[in-house]
Amino acid sequence: MPHVREHTLDGTRGPVAVREWPHPAPRYLALVVHGYGEHAGRYDGLAAVLTGHGAAVYGPDHVGHGRSAGERVVIEDFEDVVTDVHRAADLARAAHPGLPLVLVGHSMGGLIAARYAQRYGVELSALILSGPVIGDWALPGRLLALPEIPDTPVSPAALSRDPAVGAAYAADPLVWHGPMKRPTLEAFARTLETVARSGDVGALPLLWLHGDDDRLVPLPGSRTGVARLAGGRATERIFPGARHEVFHETDKEEVFGEVLRFLDRTLPG
141 MPHVREHTLD GTRGPVAVRE WPHPAPRYLA LVVHGYGEHA GRYDGLAAVL TGHGAAVYGP
201 DHVGHGRSAG ERVVIEDFED VVTDVHRAAD LARAAHPGLP LVLVGHSMGG LIAARYAQRY
261 GVELSALILS GPVIGDWALP GRLLALPEIP DTPVSPAALS RDPAVGAAYA ADPLVWHGPM
321 KRPTLEAFAR TLETVARSGD VGALPLLWLH GDDDRLVPLP GSRTGVARLA GGRATERIFP
381 GARHEVFHET DKEEVFGEVL RFLDRTLPG
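Residue numbers are given in my numbering: position 54 of the sequence shown equals residue 194, and the series is strictly consecutive.
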């Protein structure tokens, strides 16, 4: 497991825990934006690949997630989460000034990363979205129409074809294993609309990764959002048979290879 450091930032709604996977002499910075119900610590594998490629890697736990403050999985306003992620980027830049910054967002983190790129895209050198909640995602509207949110947690089997991934997820005490909460669903619906109407990211290089058997965030809905966000300029890589977490899939080495080739084409030097 890679060496890690822990930081705590003053977030918009309380203390935010930030995980750092350091590099002794990095040539770029990578900021990992995790998904719903999980935490940055689940990205050790991706961080090892990126540090091996020359990055110092940082990952905040969002409000209500992981080791950060807040009622579990309650996000009332994703704009606040974007601000918290920006503070984590400031932490990274203060330690390593002048380096290119790459933003990697998975699932809900893809929505946060997309909005970050709309607000702070001039500070980014590249954007990578994995199974992003962006575009047409029917789940919030479907659940909000019910009088009560059903107690249906994320199925570990939906994450990866590797059963060890689901087992580790199910046993992780920092992962939320309960139902979604109404304020978070309402915030999802608002932010999907905000991203849809807030324009594209211009010439910012964007890599979109998705499994074609993703049942949590179906591929067609994401495609609509990515096309709009990238202005038709995204590099896409769809993985046959892969489920929601391509960084934890049985063909993850192929996924990591796509990421590194994209960064080699994109980053200076």
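Every residue gets a Cβ at the ideal spot worked out from N, C-alpha and C, and that includes glycine.
Since the structure is predicted, the reported quantities are computational estimates derived from the model, not experimental observations.
query: At the level of alpha carbons, what is the spacing between residue 400 and residue 288?; result: 44 Å
query: So what's residue 278 in DSSP terms, helix, strand or just coil?; result: coil
query: By the 10 Å Cβ neighbour count, where 16 or more other Cβ atoms means buried, how is residue 394 classified, buried or exposed?; result: exposed
query: Could you name the residues of the same chain whose beta carbon sits closer than 7 Å to that of residue 170, not counting the 5 residues immediately before and after it, in chain order?; result: 190, 195, 197, 242, 244
query: If contact is defined by three or more beta carbon pairs under 8 Å, each pair taking one atom from either stretch, is the stretch 223 to 230 in contact with the stretch 249 to 262?; result: yes
query: Under 8 Å between C-beta atoms, does residue 165 make it to chain C?; result: This model lacks chain C altogether, as it is built from one protein chain only.
query: Can you give the beta carbon distance from residue 179 to residue 204, rounded, assuming they're within the 8 Å contact cut?; result: That belief does not hold up - the Cβ atoms of residue 179 and residue 204 are roughly 11 Å apart, past 8 Å.
query: Using 8 Å as the threshold, is the C-beta distance between residue 202 and residue 172 below it?; result: no
query: Report the CB separation of residue 175 from residue 248 in whole angstroms; it is logged as a contact under 8 Å.; result: 5 Å
query: What are the boundary residues of the alpha helix (DSSP H) that residue 270 is part of?; result: From DSSP, residue 270 is part of no alpha helix (DSSP H) but of the beta strand (DSSP E) over 266 to 270.
query: Taking one C-beta from the stretch 276 to 292 and one from the stretch 378 to 395 each time, how about it: are there three or more such pairs within less than 8 Å?; result: no
query: Does the Cβ-Cβ distance between residue 324 and residue 213 come in under 8 Å?; result: yes
query: Distance, Cα to Cα, residue 252 vs residue 218?; result: 7 Å
query: Is it buried or exposed for residue 383, if we count other Cβ within 10 angstroms and need 16 for buried?; result: buried
query: Just verifying my parser: in three-state terms, what is the DSSP assignment at residue 252?; result: helix
query: Using the beta-carbon count (16 or more within 10 Å), is residue 141 buried or exposed?; result: Any answer about residue 141 is weak, because its pLDDT of 44 lies below 50 and its placement is not dependable; what the coordinates show is given next. That one is exposed.
query: Going by CA-CA distance only, name the one from 390, 152, 296, 320 that's closest to residue 210.; result: 152
query: With a floor of 4 residues, list each alpha helix (DSSP H) that falls wholly inside the stretch 169 to 229, ordered by position along the chain.; result: 184 to 192
query: From 181, 182, 187, pick the residue whose C-alpha is nearest to that of residue 163; which is it?; result: 187
query: Report the three-state DSSP secondary structure of residue 375 (helix, strand or coil).; result: strand
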